[in-house]
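The structure appears right after this line, and notes come after that.
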Amino acid sequence: MKVTEYIDNAKNSLFSFEILPPLRGHDIQDIFSTLDPLMEFHPPFIDVTYHREEFIYVEKENGLLQRKKISRRPGTVGICSAIMNKYGVDAVPHLICGGFNKQMTENALIDLNFLGIDNVLILRGDPLNSEKSFFAKEDGHRYAVELVKQVKNLNQGKYLDKTFIKQKNYPLFNFCVGVAGYPEKHLEAPNMESDLFFLKKKVDAGADYIVTQMFFDNKKYFSFVKKCRSEGISVPIIPGIKPISSKHQLNSLPARFYLSIPNELVKEVEKAKDKKTVFHIGIEWAIHQSKELKNSGVKVIHYYTMDKPENIYQVVQAIY
Ligand code: FAD
Numbered sequence: 007m008k009v010t011e012y013i014d015n016a017k018n019s020l021f022s023f024e025i026l027p028p029l030r031g032h033d034i035q036d037i038f039s040t041l042d043p044l045m046e047f048h049p050p051f052i053d054v055t056y057h058r059e060e061f062i063y064v065e066k067e068n069g070l071l072q073r074k075k076i077s078r079r080p081g082t083v084g085i086c087s088a089i090m091n092k093y094g095v096d097a098v099p100h101l102i103c104g105g106f107n108k109q110m111t112e113n114a115l116i117d118l119n120f121l122g123i124d125n126v127l128i129l130r131g132d133p134l135n136s137e138k139s140f141f142a143k144e145d146g147h148r149y150a151v152e153l154v155k156q157v158k159n160l161n162q163g164k165y166l167d168k169t170f171i172k173q174k175n176y177p178l179f180n181f182c183v184g185v186a187g188y189p190e191k192h193l194e195a196p197n198m199e200s201d202l203f204f205l206k207k208k209v210d211a212g213a214d215y216i217v218t219q220m221f222f223d224n225k226k227y228f229s230f231v232k233k234c235r236s237e238g239i240s241v242p243i244i245p246g247i248k249p250i251s252s253k254h255q256l257n258s259l260p261a262r263f264y265l266s267i268p269n270e271l272v273k274e275v276e277k278a279k280d281k282k283t284v285f286h287i288g289i290e291w292a293i294h295q296s297k298e299l300k301n302s303g304v305k306v307i308h309y310y311t312m313d314k315p316e317n318i319y320q321v322v323q324a325i326y
């Protein structure tokens, strides 16, 4: 079922979760261990992130460095299939521009369609660690909006190579498309207005819903929704929540995601004497955020699990 159908039919807030494929060398059981306890909350869908290949340098016997391509977290599509098989819950794979050309993307979409996947979250992806800014693969997409257009074209039976046409009596591709939105603007955007302008382009290209970057101050979300609405963006905007779980995150999350953490939360975390207390503060803060979002009538609250279900379980249990 489509994410937008879940939203349309929801009488109360629903709770969805995002997981990461385990590191190479780990097992699908890691995913099940994350999801098993969370199934109690009947998530309408589970998002599975996509991680592109990275380059590392390995020292050879002669002392020279060799550049090597590695993929640390493969398996997004397989995990989606495993989730649907085991839990009977819709899985939403993330599909990115980085590292893909258009043909690879079309092939990936065909795989997803054959697996019975109805939804995709479309993203540009971040620049490689070795690059200062994002570079598209040759014949790939530079911005998420272009990838949204490719999916929407395929939904209309338009393959890249026009000699392939949808065969009679076969249903069309019918992906429901989500895109990312940033309540505190995307880190590369010169200002919020510009970021909203390009967010609207993604919606005009056919995006059916938006999932937000994490935020720790609900005012940022409410103000973002208001701005989107006044720009004519009318699709559902799903808030993304992540409980703080370590002191280190007070600096690492703002640096990585260009977001701010309210001073009240920062002070509480800094005062904490041990990790357990920080963990507890993060849970209480996320419960407070979630309650307010739920009471405001938000249809789906999306949780970034980072493959650690303990705190997410406690947050959702408190508001379920
Ligand atoms: P875009 O929408 O393409 O925007 C990127 C930047 O370019 C923005 O600053 C925008 O304002 C600007 N822009 C857009 N269009 C234009 C244009 N035509 N001309 C000029 N500027 C333009 N990353 C992963 O690698 N894998 C994942 O699974 C993943 N999941 C995510 C899930 C969520 C909910 C979120 C919020 C982010 C996720 N990311 C993921 C991170 C995401 O890939 C990065 O934030 C990336 O830097 C931007 O992606 P985007 O889709 O928002 O890009």
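Residue numbers for the sequence shown follow our numbering, beginning at 7 and rising by one.
Note that the Cβ used here is the ideal one computed from N, Cα and C, for glycine as well.
Rounded to whole angstroms, what's the CA-CA distance from H48 to Q72? Just pull it up for me. 47 Å
How should Y188 be labelled, buried or exposed, when 16 other C-beta atoms within 10 angstroms of its C-beta is the threshold for buried? buried
What are the start and end residues of the beta strand (DSSP E) that includes M45? Premise fails: M45 is in no beta strand (DSSP E) and is neither H nor E.
Residue environment, T283, which counts as buried when at least 16 other CB atoms sit within 10 Å: exposed
By DSSP, does D289 sit in helix, in strand, or in coil? Here residue 289 turns out to be Ile, not Asp, going by the sequence shown. It is helical.
Taking I243 as the reference, which of V54, G184, I171 has the closest Cα? G184
Collapsed DSSP secondary structure at S229 in the structure displayed: helix
Does the Cβ of D327 have 16 or more other Cβ atoms within 10 Å, making it buried, or fewer, making it exposed? With the chain covering 7 to 326 only, the question about residue 327 has no answer from this structure.
Can you tell me whether E307 is buried or exposed? The criterion is at least 16 other CB atoms within 10 Å of its CB, across all chains shown. Note that residue 307 is Ile in the sequence shown, not Glu. Under this definition I307 is a buried residue.
Runs of 4 residues minimum, wholly inside the stretch 232-297: which ones carry the alpha helix (DSSP H) assignment? 255-263, 269-277
For the ligand FAD, is there a heavy atom less than 7 Å away from the beta-carbon of Y227? no
Mapping the DSSP letters down to three states, classify D53 as helix, strand or coil. strand
Quick check: is any heavy atom of the ligand FAD less than 7 Å from the C-beta of Y165? no
Meets three-Cβ-pair contact criterion under 8 Å: the stretch 62-71 and the stretch 106-114: no
Any beta carbon of chain B sitting closer than 8 Å to that of P268? Absent from the structure is chain B; it holds one protein chain and no more.
On a CA-only basis, which of S236, I171, G246, L256 is nearest A186? Give me that one, please. G246
Check whether the Cβ of I85 lies closer than 7 Å to any heavy atom of the ligand FAD, and answer yes or no. no
Determine the direct distance from the alpha carbon of D313 to that of G31, and round the result to whole angstroms. 15 Å
Out of A292, H286, N301, M90, state which residue places its alpha-carbon closest to the alpha-carbon of P268. A292
Check whether the Cβ atoms of V154 and K191 sit closer than 8 Å, and answer yes or no. no
Please find out if some non-hydrogen atom of the ligand FAD comes closer than 7 Å to the beta-carbon of T10. no
Is the beta carbon of N113 closer than 8 Å to that of F181? no
On the criterion of 16 or more Cβ atoms from any shown chain inside 10 Å, does V64 qualify as buried, or is it exposed? exposed
Pull up the distance between the alpha-carbon of L178 and that of N161, whole angstroms please. 6 Å
Thinking C-alpha only, which one of E270, L121, K66, E24 is nearest I318? E24
What does the Cβ neighbour count give for A213, buried or exposed, with the cut at 16 atoms within 10 Å? buried
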